[in-house]
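Accompanying notes for the structure given below.
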Amino acid sequence: MEIPESVKKRVSIPFEEHFYAGHTACQGCGAALGLRYVLKAYGKKTIFSIPACCSTIIAGPWPYSAFGAPLFHTAFETTGAVIGGIEAALKAKGYKVKGEDGIMVVGWAGDGGTADIGLQALSGFLERGHDAVYIMYDNEAYMNTGIQRSSSTPYGAWTTNTPGGKKHFLEKRHKKSVIDIVIAHDIPYAATASIAYPEDFIRKLKKAQKIKGPSFIQLYASCPTGWRSPTDKSIELARLAVQTAYFPLYEYENGKYKINMPSTKKEPKPLIEFLKLQGRFKYMTKEDIEILQEWVLKRWELLKKKAEIFG
Amino acid sequence: MVKKVVSGNYAAAYAAKHARVEVVAAYPITPQTSIIEKIAEFIANGESDIQYVPVESEHSAMAACIGASATGARAFTATSAQGLALMHEMLHWASGARLPIVMVDVNRAMAPPWSVWDDQTDSLAQRDTGWMQFYAENNQEVYDGVLMAFKVAEHKDVQLPAMIIESAFILSHTYAIVDMPPQEEIDEFLPPRKPLYTLTDFDNPIAVGALATPADYYEFRYKIAKAMEKAKEVIKEVGKEFGERFGRDYSQMIELYKTEDADIVFMGMGSLMGTVKEAVDVLRREGYKVGAAKVRWFRPFPSEELYELAKNVQGIAVLDRNFSFGQEGILFNEAKGVLYNTDAKPIMKDYIVGIGGRDFTVEDVKKIANDMLKIVESGKLDEEVDWFHLKR
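Those sequence lines, one after another, are chains A and B.
Counting from 1, one number per residue, gives the positions in the first sequence under my numbering.
Counting from 1, one number per residue, gives the positions in the second sequence under my numbering.
Encoded structure:
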């Protein structure tokens, strides 16, 4: 169907598609949506590297690829190092990297591949200042291996290795804040984003493209399979994560914090609205929910303070 | 031809520069450090415009080389022992993705206990990763090996990574004369890399390393096996060309030294073979009919050349500066395996020597010669594996 120019003008998301039908993501997969937006934002002059994660499978088996851009599959813990090597090679060969007409180098890794096994390579990548974008798509567990907890899994969540049971053996630690670790590297640009807010995500991708040096985006990406949630609730859940301030959207740019969403002027929605739609939280007691709610608000207050002081 | 007095490590660094390497990603480890220091110095002096990625681990060093090589660049790194072991996963990745990366490994003993001295177990433990392995006897061979390795690795029918291996300190930190051909002659020998695929072809985007089901994985492995087989031919061709251009012939994967009429041959790899050759001269003067066989390339393994040698000798004393626990020295194990289905059946004994940097001398070779002669004359092998230096 031809899209009228009048419509095109009003939408900030590029209409061009470089992520093709035939990919093998589950229904309602947030990661697949995220990939689609990244490819829309950066186009085909983009080199991807993806470690072991759902996206390894989503991209399609040999000899297929759902990507309209080159893709290098790599080992679990190596995303930061591989994109660093790609960028170094492009520079050695005299290519323009990043910027409006330069080649984009994108590392696309899950939360396990970033917060856990890939943290060292990520740190090296950030610290060395490579001109590339690292996107952590955060679905809060090792989904591809069958829903095991990662350090990005929230308190109280059921996973296959925090299975609840008689002993109430659920995730006991709060979600690790990878973006705070990233910001500690004093890189030019870091942001959180959500598949529920594509215009915001694309704007951030475009900003990362223009900025010299390493950029990092932590993208909240729903996983109905791992979250035990209805496949038609993926966007709603990602939106609620923002509205409850469980996963606020913000940017860190050259030392300054800027909160995008939710509004800092009013109270965030109660966390229970986000929790109740997901089977993974069904074993939480009232007390557990209070603990998590309290943590969310404490983190939210801290972020607001940062934005106030370093805004 | 420029002659420079350099350490083995500097020879490696000069070779990387002369090979016009485009990306170096490396992490420091004793005794490899002076390779990457020298390369940094070349860059600092404006002698080279290598992109230098000072990574945070050896695992990332290999991963960055992999990214660079897949993007079409000529990539180089160097490491040793623990660093090589940490890379292990990515060594498989480099060969599986068919990337002609060249790496220098400075042979060093694995810990614990800590040791920084010469031992081949670090590199031999990487035997099955799909990397070619060249063991250098001296600094000249380190230099020549790096140049040849790129040419072999980048050959369109090979497309596999290669490891040039030198001894800790014995070569890495010992100075010797190294002949370095003029840059333009090296450029003729080793033109810029022509990758079969790169990640920069945006009109024909490729996905490298995607999931292969049981219906396809098998063939991927067969292709590597065939490429490794083909590498034997390419190694000989490149070694011959190198000899014609620069006067040092490497057309043989096993260098034979005075083996024509030898009853007993000492077989080994790396710097210890320098000592062995000297010992052969001494022993020959004393009337011993002995020779030396230096295995230059361990992967691919020179089975045919070994067979030709084994046919005509009575005994082979294998000198293993390495050990596979629960079995025997690794070269010994491989050599025996090669000969099993042939009519060449010399008596073979494995001498475990020089492990962890233990001194291995001309006197030691003499002792081994006498032991081996006794075995050959009596036809009785007392033991297959001899922990030769053991304090008893």
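Note that beta-carbon positions come from the ideal geometry of N, C-alpha and C, so glycine has one too.
For clarity, every value in this text was computed on a predicted model and none was experimentally measured.
query                                                                                                : result
Reduced DSSP category for L71 (chain A) - H, G, I as helix; E, B as strand; rest coil                : strand
Exposed unless 16 or more other CB atoms sit within 10 angstroms - verdict on Y175 (chain B)         : exposed
Rounded C-alpha distance that separates L33 (chain A) from I195 (chain A)                            : 7 Å
From A:A208, A:A31, A:Y64, residue whose alpha carbon lies closest to that of H130 (chain A)         : A:A208
H59 (chain B): contacting residues in chain A (beta-carbon distance under 9 Å)                       : A75, E77, T78, A81, Q120, A121
Closer than 9 Å at the beta carbon, the chain B residues around L71 (chain A)                        : L199, P205, I206, A207, V208, G209, A210
Distance, E334 (chain B) Cα to R108 (chain B) Cα                                                     : 21 Å
Exposed unless 16 or more other CB atoms sit within 10 angstroms - verdict on P214 (chain B)         : exposed
Beta-ladder partner(s) of F19 (chain A), from DSSP                                                   : A:F67
Chain A contact residues for M90 (chain B), given Cβ-Cβ distances below 8 Å                          : A75, T78
C-beta neighbour in chain B for S368 (chain A), strict 8 Å                                           : Nothing can be reported for residue 368 (chain A): it is not among the residues displayed for chain A, which extend from 1 to 311.
8 Å contact criterion, which G72 (chain B) and T200 (chain B) should meet: CB distance rounded       : 6 Å
Which of helix, strand or coil DSSP assigns to Q243 (chain A)                                        : helix
is_contact[P54 (chain B), chain A] using C-beta, thresh 8 Å                                          : yes
Beta-carbon proximity check, R321 (chain B) vs R127 (chain B), cutoff 8 Å                            : no
Proximal residues of chain B, C-beta to C-beta of S49 (chain A) below 7 Å                            : G67
Beta carbon proximity, F201 (chain A) to chain B, threshold 8 Å                                      : no
Inter-residue spacing [alpha-carbon to alpha-carbon] between N370 (chain B) and L283 (chain B)       : 10 Å
N-terminal and C-terminal residue of the beta strand (DSSP E) that K194 (chain B) is part of         : It is not in any beta strand (DSSP E) - K194 (chain B) carries neither H nor E in the DSSP assignment.
Neighbour-count burial assignment, F242 (chain B), 16 or more Cβ in a 10 Å radius                    : buried
8 Å Cβ cut-off: residues of chain A touching W131 (chain B)                                          : Within 8 Å Cβ-Cβ: nothing; W131 (chain B) doesn't reach chain A, min ~16 Å.
Interfacial residues, the region 4-31 of chain B to chain A, with Cβ spacing under 8 Å               : E22, V23, A25
H155 (chain B) burial status per 10 Å Cβ neighbour count (16 or more: buried)                        : buried
Partners in chain A for A63 (chain B), counting only beta-carbon separations shorter than 9 Å        : T74, A75, E77, T78, T79, G80, A81, V82, G84, G85, A121
Among B:G315, B:F301, B:I352, B:E141, the one whose alpha carbon lies nearest that of L373 (chain B) : B:G315
Cα-Cα separation, R358 (chain B) to H389 (chain B)                                                   : 8 Å
Rounded separation between S229 (chain A) and L277 (chain A) - CA only                               : 6 Å
Element boundaries [alpha helix (DSSP H), containing R10 (chain A)]                                  : 5-10
CA-to-CA distance, I202 (chain A) to I211 (chain A), given in whole angstroms                        : 14 Å
Within chain B, partners of T56 (chain A) - CB distance below 8 Å                                    : A210, L211
Proximity test, Cβ basis, 8 Å: F67 (chain A) and chain B                                             : yes
Test: F323 (chain B) CB closer than 8 Å to a CB of chain A                                           : no
Distance between T46 (chain A) and T79 (chain A) (C-alpha atoms, nearest Å)                          : 15 Å
Where the region 69-86 of chain B meets chain A: residues whose CB sits under 9 Å from a CB there    : S69, A70, T71, G72, A73, R74, A75
K258 (chain A) - partner residues in DSSP beta bridges                                               : A:E251
Cross-chain neighbours of P198 (chain A) in chain B, by beta carbon under 7 Å                        : By Cβ distance, chain B contributes nothing, its closest Cβ being about 23 Å from P198 (chain A), past 7 Å.
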